[in-house]
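Everything on this sheet refers to the single structure shown next.
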Amino acid sequence: MNGSLDHPDQPDIDAIKMFVGQIPRSWSEEQLRELFEPYGAVYEINVLRDRSQNPPQSKGRRHVVILT
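Heads up: the sequence shown runs through residues 1 to 68, numbered per the UniProt record's numbering.
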């Protein structure tokens with residue numbers, strides 16, 4: 001992760017942000033990180049949650065940012 005000179009804590013502009021579906025709802029962010037780390041450093045994982053549930057539950061979909 002080189003980041004930009006203005007924001008060194010941010011990923012490069014060529015980092016990959018991808019949508020991942022069909023992930024088991026029971027998986028944690030750590031399990032997903034372990035799945036993707038062989039392909040590059042994982043910068044961020046966003047879990048899409050169904051907020052109509054109490055408590056909010058995973059929809060089984062994630063956005064993953066992988067640094068190249």
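Every residue, glycine too, gets a C-beta built ideally from N, C-alpha and C.
Burial state of residue i, where buried means 16 or more other Cβ atoms lie within 10 Å
i   : result
P11 : buried
Bridge-paired residues (DSSP) for residue i
i   : result
R49 : S58
F36 : According to DSSP, which records beta bridges pairwise, F36 is partnered with nothing at all.
Backbone CA spacing between residue i and residue j [nearest angstrom]
i   : j   : result
V42 : S52 : 29 Å
N46 : M18 : 10 Å
Q31 : D14 : 24 Å
F36 : D50 : 24 Å
P38 : G21 : 19 Å
E34 : E44 : 13 Å
L48 : I16 : 18 Å
G40 : E29 : 16 Å
- Should the region 25 to 34 be regarded as contacting the region 43 to 63, the criterion being three or more beta carbon pairs within less than 8 Å? Yes, since at least three Cβ pairs between the region 25 to 34 and the region 43 to 63 fall closer than 8 Å, the two stretches touch.
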